[in-house]
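Asks: So the protein sequences, as listed, match chains A and B. Numbers in the numbering used here are just positions in the first sequence, counted from 1, shifted up by 1365. Numbers in the numbering used here are just positions in the second sequence, counted from 1, shifted up by 10. We treat Cβ as the ideally placed atom computed from N, Cα and C, and that holds for glycine.
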Amino acid sequence: MHSIFSRLARSPVVQAVLPLACVVSVGFFSAYAPSSLAEHAKQATAQEDPVDYDLSKLNFARIEYDSVGGYGQAYYAFEGRYWERWETDYPQAERNLAKRLAELSRIETGKVPSRRRLTSPDLADFPMIFMSDVGYSTWSAEEVEALQIYLGNGGFLWADDFWGDAEWAAFERLMHKVLPGNQWIVVPNEHPIFSTVFEIPEMPQIPAESFAGYRGRTAEPAFAHRYPAGSLDRATMRGFFDEDGRLMVMGTHNTDVADGWEREAYGQWYFEHFSTQSYRVAVNVLTYVMTH
Amino acid sequence: MFEALSRYPREAYAQGEIVLTNVVDARLWILGIAIVTAFIIAGVVFGARTKIYRAWQKALIATLQVAVVAGVIGLVAGPHLRTSKIQPGANTIAVLMDTSQSMEFAADGNEGQQRQDGVTNRYDAARSVVEGTLSEALEDIAEVSYFTVADVASRVDGFAQNPNFVPSTRLVKSIDMVLQSFRGAPLASVIVLSDGADNDEAGLAVAALANFGVPVHTVGFGPLELPGETVLMDVRMPADAPPHSLVTAEFILEHASAGAALVQVRDRGTLLAQREIELDPTTSIIRSDISFASGDAGIRELSFSVVPPETDQLEENNFVDRLLTVSQRQRRVLYLEGEPRWEYKFIRRALQGDDVVKLASWLRTTDRKTYRQGVETGAQLATGFPVDKASLYAYDLIILGSIAATLLDDEQHAWLETFVSERGGSLLALAGREALGDGGWDVRPLARALPATLQRQAGPTYQETVGKVGITRDGYASSLLVAQGEGAPGLLSLPELRDIQILGASKPAASTLLELTTPTGVRPLLITQPYGLGTTAILATATTWRWQMSTPLGDERHSLFWRHLTRQLAESAPRAKSVDLIANGDRVEIRAWVRDEEFAPLPTSVANAKITRPDRSEVDILLTPSEIPGLHVGAFTPSEQGVSRVDVAIDGETRNTITRFMQFGASNSEFVDPVRNEGLLRRISEVSGGMYWQPDDVDALREQLSFSGAGIRTIELLPLWNLPIFFFLVLMLKLCEWGLRRFWGGV
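(1) Buried or exposed for B/Asn-172, please, with buried defined as at least 16 other CB atoms from any protein chain shown within 10 angstroms of its CB.
(2) Are the Cβ atoms of B/Ala-14 and B/Leu-91 separated by less than 8 Å?
(3) DSSP three-state label for B/Asn-131, please.
(4) Tell me the rounded alpha-carbon separation between A/Tyr-1447 and B/Arg-351.
(5) Which residue's Cα is closest to the Cα of B/Val-658: B/Phe-302, B/His-227, B/Asn-618 and B/Ser-521?
(6) Mind checking whether B/Ala-445 and B/Gln-511 have CB atoms under 8 Å apart?
(7) Can you tell me which residues form a DSSP beta bridge with B/Pro-729?
(8) At least one CB of chain B closer than 8 Å to the CB of A/Pro-1492: is that the case?
(9) Looking at A/Arg-1591: is its Cβ nearer than 8 Å to the Cβ of A/Ala-1511?
(10) Under a three-way DSSP split, which group does B/Gly-42 fall into?
(11) Residues in the same chain with beta-carbon distance under 8 Å from B/Leu-501, minus the five sequence neighbours each way, listed in chain order, please.
(12) For chain A, is any of its Cβ atoms less than 8 Å away from the one on B/Gln-390?
(13) Taking the beta carbon of B/Asp-706 as the centre, do at least 16 other beta carbons fall within 10 Å, making it buried, or is it exposed?
(14) Within the chosen definition, does the region 275-292 of chain B reach the region 312-328 of chain B through at least 3 CB pairs nearer than 8 Å?
(15) Among B/Leu-402, B/Gly-57, B/Gly-644 and B/His-265, which residue has its Cα nearest to the Cα of B/Leu-236?
(16) Which complete beta strand (DSSP E) runs does the region 249-324 of chain B hold, if anything under 3 residues is left out?
(17) Where does B/Arg-339 sit, in a helix, a strand or coil, going by DSSP?
(18) If you compare alpha carbons, which of B/Thr-293, B/Ile-287 and B/Arg-339 is closest to B/Asp-306?
(19) In chain A, what lies closer than 7 Å to B/Thr-376 by C-beta?
(20) In whole angstroms, what is the alpha-carbon distance linking B/Val-226 and B/Thr-179?
(21) B/Ser-560 touches chain A at which residues, Cβ-Cβ below 9 Å?
(22) From the DSSP output, read off the bridge partner residues of A/Phe-1606.
(23) List the endpoints of the continuous alpha helix (DSSP H) containing A/Lys-1464.
(24) Should the region 513-533 of chain B be regarded as contacting the region 447-464 of chain B, the criterion being three or more beta carbon pairs within less than 8 Å?
(25) How would you call B/Tyr-486, buried or exposed, if buried means at least 16 neighbouring beta carbons within 10 angstroms?
(26) Is the beta carbon of A/Ala-1600 closer than 8 Å to that of A/Pro-1569?
(27) If I'm right that B/Asp-484 touches B/Ser-436 with Cβ under 8 Å, what's the distance once you round it to whole angstroms?
(28) Which value, in whole angstroms, describes the spacing of the CA atoms of A/Leu-1373 and A/Ala-1381?
(29) Just to confirm the assignment, what range does the alpha helix (DSSP H) spanning B/Ser-110 have?
(30) Answer yes or no: does any C-beta atom of chain B fall closer than 8 Å to that of A/Tyr-1644?
(31) Quick check on DSSP: helix, strand or coil for B/Phe-231?
(32) Spatial neighbours of B/Ala-268 within its chain, please: CB distance less than 6 Å, with the 5 preceding and 5 following residues excluded, ordered by chain position.
(33) What do you get for B/Leu-507, buried or exposed, if any count of 16 or more other CB atoms within 10 angstroms of its CB means buried?
(34) Would you decide whether B/Glu-347 is buried or exposed? Buried here means 16 or more other CB atoms lie within 10 Å of its CB.
(35) Give the secondary structure of B/Gly-480 by DSSP, where H, G and I count as helix, E and B as strand, and everything else as coil.
(36) Apart from the five residues just before and just after B/Val-154, which ones in its own chain have a Cβ nearer than 7 Å to its Cβ?
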């Protein structure tokens, strides 16, 4: 084996082509890789952000936040473009969910989702906000304070799609800034949220579509998540409750519920195995949030 | 002058009739007069001496001559005045002197000042009238009996200089007592000296005095008005309230001044609330309200008072005492909602933990699934809308959300309407896609009960908009909105609403409390009306949740608005079995409603009341069914000041015992209306055939009594032929006739 590589290294053709290939590769990535996240934002798919929305309906608001790290941490490449962590599954997940809610419940929803930051002045017009892929998220002091007010007034935060111990720890640290002294509690299977509309025996583990069936498991692989991933096998619904027992913040850990909405059209197997469960969870959670 | 010409007093002519004693057969007299008249006319017309007169002159002369002859013939006919006259010494005249506390007030309205005649108060003025000329004049024609009247009538030998003034008056009742006591005895007349105060709320009707046939003459004392006086006439408030709630009391002020007055409410001296009231000089009666916190459970001995302008004279009519029982009494509220929405969440959130309102809700989560919250049993609302009338009537307030009318059957729709009209419950309709007109409620019985007609139009009546809340004049005065502190005025600074349900015209009895100013105009937002025994309201928005989400942390205006609105609506609904205590002078009336779960009266039920007095003694009273089905009534007289407890048991069952408390204290009812009640005094005299007199005119009362009244009387024929006026009349006629003839040259 050593002699084969030695002969290749000495080949004039290899010696001429290899550097050229490196230069082309560097040039290619230089041309297309963003120099900063701000540039990426310009390249991101144009997002609809309606100014007027009917407040008598449930309007989805995806929270835009900053993340730590570089490529593979704060952002990643998928399906031909870069995605910031906050926009994972957005907006197709919300669009599909709006349609399915109309079929599965009597919840009236706005059809076009919105994106907001925690400091957006009209955040209070969305009594429920959604965050995805929060394992690398970071919040400013203003965002922490805004979220405190939002939750204290009766708002609800659903954080989804964060896996493993490290991502959990990161999000837990953030939430302890918002609700110091409050503790995460694993929502038991007997909690009413699991039976408001559909009977859900336990929190389902829903992998991203691209990881579904990976080695026959429902857990996503550790390499796709923050190190050290630790345990990714068991999906849980964890919550922060206020002094009246109201669920204020819900984290669906070790599961990617929103991907089940976004990817329902990506194959019958995925739809039947995972999307249906995602929608059951969504209907139950949203009904619970709109009644408590 | 009259008597000089007519010899007899006016009263004699007013009461008597003129008769001709010498006329046996009127036809002969008429024939005679006719013959004489014919001779006179012939003489004037055809007489030689009358040729110089013209025809009209002859006619005039003939007329005068006939008149003279007729006058003479009339005197010959024997005119007499037949009248009845009181038989001296054979009758009694009752003189009634009012000795209630109001007779202690100044005679002319200037408290503390003495008149030039030495009279300081009304009693003195009345006594001076009796002891002046009246008593002596009356004793000439009858035996005089003296009585003092206040809450009862008492016979006395004379009127003391300083009597014991009684704090209440039952004037009509006292007069009735005196008349009753003289049944069968020759009572010629009754004379009442009073200022006309009568605080017997359920008193005897004045018309009953006519039954005795004895004239009652009234003499009024006291000024007709007191300039500058301010009176706190009445305070109405619920008898009980839940702990830590806002209680609203309505009060009535009567004033004859201008400026401002301060109304205060205290609990055993501790100031609970106060409010400045502007005294409008264009109206003498002001109705307003004052709100205060109920505090912890227990009995509140409240004192309402008014600090009037400096012109006020009587302090005693500036306060009213009331008792408030603060107790844990939950009100049951049913919320029916057709879709999960934020308004539903935040209303539930606002009412959560309220120890007064017990909220049960039923929500359609899907087209085939529902979600119940706040239910007490597994069966409650298991099939959705309450299964029978009794279950529905168990609630005090129903909130209708965005729920289509088609979900209920005809019978359930009928129950909803009778829930308000017959049961007396309250109903609040919210806005929504399937609410009100958009939900098909416009063609249902409940539409009659709602305070606005439900709009029908091509498009939906539920619309997106942006609007700012405004409070109407009715809203500021309404107890449905929190009236003080951060309440009603605090609504004005709340975030905008983002929807509106377009309503039709308001019903005549409706009041718009809140309105929404939108780009397309001002719309009614909160509108309410009484309907039957209950109340209905429409809140034409479903985005009040913004008042919670879009306000600073800790801002409680949203929950305060909903808690107060819900409590007030629920509190106004009566219970199937309830007891009210109503003060009436020195008596307390007990009114017990005894109805079944469908609020139908229970005619065979028996209600007993046990009264525990302040001294711990007990009295049992059987309440009797009244004319109103389901209502049992009774009464008792508190024997001493303090708080009495009344336990009313229905059919002897302990679980059906209702407890109420009543405070009885020193009454200030005499001070509430301190001016002369001339209207009542006139009415008493007119109904009974008497007259109303001013104190200065009572000298003529003797003649009035001589020739009118009841008792033993003699019939007298008083000759009229020798009246000076007849002599002068005949003489004047003859002189006129002669004068004319001379003037025309015939003499």
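Replies: According to the data block:
(1) exposed
(2) no
(3) strand
(4) 36 Å
(5) B/Asn-618
(6) yes
(7) B/His-90
(8) yes
(9) no
(10) helix
(11) Excluding residues within five positions, the ones whose Cβ falls inside 8 Å are Val-479, Ile-481, Leu-491, Leu-524, Arg-567 and Phe-571.
(12) no
(13) exposed
(14) yes
(15) Of the candidates B/Leu-402, B/Gly-57, B/Gly-644 and B/His-265, the one whose C-alpha sits nearest the C-alpha of B/Leu-236 is B/His-265.
(16) 256-265, 269-277, 280-289, 295-303 and 308-317
(17) coil
(18) B/Arg-339
(19) Leu-1469, Ser-1470, Arg-1471 and Val-1562
(20) 18 Å
(21) Asp-1487, Ala-1489, Asp-1490 and Asn-1518
(22) A/Leu-1612
(23) It spans 1457-1469 - the alpha helix (DSSP H) in which A/Lys-1464 sits, taken as one unbroken run.
(24) yes
(25) Counting other Cβ atoms within 10 Å of its Cβ, B/Tyr-486 stays below 16 and is therefore classed as exposed.
(26) yes
(27) For a cut-off of 8 Å, the C-beta gap from B/Asp-484 to B/Ser-436 is around 17 Å, too long to register as a contact.
(28) Taking the Cα positions, A/Leu-1373 is about 12 Å away from A/Ala-1381.
(29) Judged by DSSP secondary structure, B/Ser-110 falls outside any alpha helix (DSSP H); it is assigned neither H nor E.
(30) Under the 8 Å criterion on CB atoms, A/Tyr-1644 is classed as non-interfacial with respect to chain B.
(31) coil
(32) Leu-289 and Pro-291
(33) buried
(34) buried
(35) strand
(36) Ile-103, Val-105, Ser-145 and Leu-148
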